[in-house]
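Quick notes on the structure that follows.
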Amino acid sequence: MNDQISRANFDQVMVPCYSPADVIPVRGEGSRLWDQQGREYIDLAGGIAVNCLGHRHPALMQALQEQADRVWHLSNVFTNEPALELAKRLTELTFAEQVFFANSGAEANEAAFKLARKYAYDHAGPDSGKHEIISFNGSFHGRTLFTVSVGGQLKYRQGFEPVPGGITHLPYNDKAALELAVSDKTCAIVMEPVLGEGGVIPADPEFVRLARTLCDRHDALLVFDEVQTGAGRTGSLYAHQALGVTPDILTSAKGLGGGFPIGAMLTSRKVGASFGVGSHGTTYGGNPLACAVALAVINTLDDPALMAGVERKSELIRSELTALSQRHGFFSEIRGRGLLLGAELAHHWKGQAKRVLDACRNQGLMLLMAGPDVIRLTPSLIIPDADIQEAITRLDRALNDLVAEGPTGS
Numbered sequence: 001m002n003d004q005i006s007r008a009n010f011d012q013v014m015v016p017c018y019s020p021a022d023v024i025p026v027r028g029e030g031s032r033l034w035d036q037q038g039r040e041y042i043d044l045a046g047g048i049a050v051n052c053l054g055h056r057h058p059a060l061m062q063a064l065q066e067q068a069d070r071v072w073h074l075s076n077v078f079t080n081e082p083a084l085e086l087a088k089r090l091t092e093l094t095f096a097e098q099v100f101f102a103n104s105g106a107e108a109n110e111a112a113f114k115l116a117r118k119y120a121y122d123h124a125g126p127d128s129g130k131h132e133i134i135s136f137n138g139s140f141h142g143r144t145l146f147t148v149s150v151g152g153q154l155k156y157r158q159g160f161e162p163v164p165g166g167i168t169h170l171p172y173n174d175k176a177a178l179e180l181a182v183s184d185k186t187c188a189i190v191m192e193p194v195l196g197e198g199g200v201i202p203a204d205p206e207f208v209r210l211a212r213t214l215c216d217r218h219d220a221l222l223v224f225d226e227v228q229t230g231a232g233r234t235g236s237l238y239a240h241q242a243l244g245v246t247p248d249i250l251t252s253a254k255g256l257g258g259g260f261p262i263g264a265m266l267t268s269r270k271v272g273a274s275f276g277v278g279s280h281g282t283t284y285g286g287n288p289l290a291c292a293v294a295l296a297v298i299n300t301l302d303d304p305a306l307m308a309g310v311e312r313k314s315e316l317i318r319s320e321l322t323a324l325s326q327r328h329g330f331f332s333e334i335r336g337r338g339l340l341l342g343a344e345l346a347h348h349w350k351g352q353a354k355r356v357l358d359a360c361r362n363q364g365l366m367l368l369m370a371g372p373d374v375i376r377l378t379p380s381l382i383i384p385d386a387d388i389q390e391a392i393t394r395l396d397r398a399l400n401d402l403v404a405e406g407p408t409g410s
């Protein structure tokens with residue numbers, strides 16, 4: 001513990017765009033974290049669906065240490081072996097033929113949206129007007145100016161206007177609205193297979209299939225933002241694979257690096273051709289350290305038993321949350337896919353998700369919000385069953401405390 005560093009330092013030296021918890025985690029192991037005072041927590045937040053293999057996974061640590069002894073950074077003036085190995089592996093395991101590496105989900109999505117417009121420019125012509133991007137209310141695609149504009153949450157755009165135009169937002173899972181909106185001016189439909197920040201709402205498979213049909217009909221590209229749903233989170237390497245619908249562009253980040261920053265945009269050779277030399281780029285994207293770790297993540301996840309375990313653990317957590325809800329009347333719905341789960345607060349607890357998180361942290365449990373009405377769980381994909389049971393015990397204690405206080409805290 002560094003006695004000279006505390007949460008108070010944040011308010012002094014950091015830009016106030018975050019409001020972090022009072023505790024500062026300093027060590028992790030598996031699905032457990034310890035703070036500066038040595039207090040232990042069960043981590044069901046996973047760094048917001050990032051730590052897909054928990055903390056300090058030996059395969060990831062070995063990959064990082066071995067690569068650190070070789071070369072850290074080259075820039076894209078040169079290519080490097082880990083980037084090529086990772087790209088090769090991703091194309092073997094997905095629909096894609098080509099990969100662009102970035103450093104985050106926002107960067108991967110920025111690349112995807114630029115590529116969709118550039119592809120339309122190249123194939124329909126600069127005077128075609130084919131530049132409309134269709135997205136959905138409640139969606140989240142990142143914090144760059146373009147990605148907050150495509151994202152369907154006004155609060156992230158307010159104060160940054162004027163934002164890029166040519167973007168239409170529709171109700172999620174509304175097939176009629178989608179069919180009416182798509183036209184020959186549409187260059188892309190952008191979709192999360194599960195709305196993450198928007199409340200952990202899975203896409204209706206028919207809605208996803210309709211999006212594919214409409215893109216084919218109007219020569220538009222289907223873009224799946226799998227930043228949160230990818231890297232095994234929903235029980236398959238990427239969520240769309242279980243839906244049986246193939247995109248033209250896929251974005252990946254978060255769990256792809258298992259805690260090391262990396263993003264990726266995957267696409268076909270035909271679409272990728274629109275990113276000719278000099279049309280897009282990044283200094284750090286595809287750096288050897290990140291790619292070496294991500295390759296270890298992908299190779300670890302490429303295991304049917306591990307993926308089956310995600311589904312089994314999902315059912316265990318769902319059943320335990322349902323039992324808790326029946327006992328406390330706290331949740332109105334448990335939903336999600338795999339280990340991306342949301343528990344919507346019952347009507348008298350609406351708007352109090354942060355209060356629930358605080359109560360859970362006091363009991364040694366770390367969770368997330370997905371808006372003020374939904375508790376989000378994104379644990380390690382290999383969290384032991386014993387840790388799940390202990391997490392539920394701690395959640396039960398937290399809910400008991402809240403019920404004793406009452407919905408308003410009075």
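In full-length UniProt numbering, the protein residues as written are 1 to 410. We treat Cβ as the ideally placed atom computed from N, Cα and C, and that holds for glycine. Since we're looking at a predicted model, the values are computed, not measured.
Check	Outcome
Boundaries (first-last residue) of the beta strand (DSSP E) holding residue 191	186–191
Residues near residue 317 in its chain [Cβ-Cβ closer than 7 Å; skip 5 each side]	341, 377 and 388
Short Cβ contact (7 Å threshold) for residue 265 with residue 87	no
Residue 14 - DSSP class collapsed to helix/strand/coil	coil
Residue 252 and residue 31 closer than 7 Å at C-beta	no
Residue 98 - partner residues in DSSP beta bridges	267
Whole-number beta carbon distance between residue 222 and residue 248, since they are thought to touch under 8 Å	5 Å
Where residue 409 sits in the DSSP three-state scheme	For residue 409, the predicted model reports a pLDDT of 49, less than 50, meaning its position is unreliable; a value from the coordinates is still stated below. Three-state result, residue 409: coil.
Bridge-paired residues (DSSP) for residue 335	342
Inside the region 258–329 only - alpha helix (DSSP H) runs reaching at least 4 residues	269–272, 288–301 and 304–328
Backbone CA spacing between residue 41 and residue 34 [nearest angstrom]	6 Å
Opening and closing residue of the beta strand (DSSP E) in which residue 375 lies	374–377
For residue 82, the nearest candidate out of 330, 314 and 291 (CA to CA)	291
Per-residue burial, residue 409 [other beta carbons within 10 Å of its own, 16 or more giving buried]	Only weak support is given to the placement of residue 409: the predicted model assigns it a pLDDT of 49, under 50, and the question is left unresolved by the model.
Residue 210 and residue 254 closer than 7 Å at C-beta	no
Beta-carbon contacts of residue 289 that lie in its chain and below 6 Å, excluding the five residues immediately before and after	67 and 72
CB-CB length for residue 26 against residue 12, believed under 8 Å	Contact flag wrong, Cβ pair sits at about 19 Å.
Residues of its chain near residue 281, where Cβ-Cβ distance is below 7 Å and the 5 sequence neighbours each way are ignored	76
Close-in-space but distant-in-sequence residues of the same chain around residue 194 (CB under 8 Å, 5 per side omitted)	200, 201, 202, 203, 228, 229, 234, 239, 336, 337 and 340
Rounded distance between the beta-carbons of residue 343 and residue 321, thought under 8 Å	6 Å
Counted within 10 angstroms of its Cβ, other Cβ atoms place residue 383 as buried (16 or more) or exposed	buried
Exposed unless 16 or more other CB atoms sit within 10 angstroms - verdict on residue 179	exposed
Whole-angstrom distance between residue 138 and residue 198, CA atom to CA atom	4 Å
Length-filtered (4 minimum) alpha helix (DSSP H) runs lying within the region 44–78	46–49 and 58–68
Range covered by the alpha helix (DSSP H) that runs through residue 149	145–150
Span separating the alpha-carbon of residue 396 from that of residue 6	30 Å
Between the CA atoms of residue 393 and residue 349 - distance to the nearest angstrom	20 Å
Three or more C-beta pairs below 8 Å linking the region 118–126 and the region 296–309	no
Helix, strand or coil at residue 91 according to DSSP, with G and I counted as helix	helix
Assumed close pair residue 168, residue 132 - CB separation to whole angstroms, cut-off 8 Å	6 Å
DSSP bridge partner residues for residue 411 (one or two, in chain order)	What is shown of the chain runs 1 to 410, which leaves residue 411 out entirely.
Bridge partner(s) assigned by DSSP for residue 35	25
Residue 223 - containing beta strand (DSSP E), residue span	221–225
Sequence-distant residues of its chain with Cβ nearer than 6 Å to residue 286 (five each side left out)	83 and 101
From 144, 172, 170 and 182, residue whose alpha carbon lies closest to that of residue 164	144
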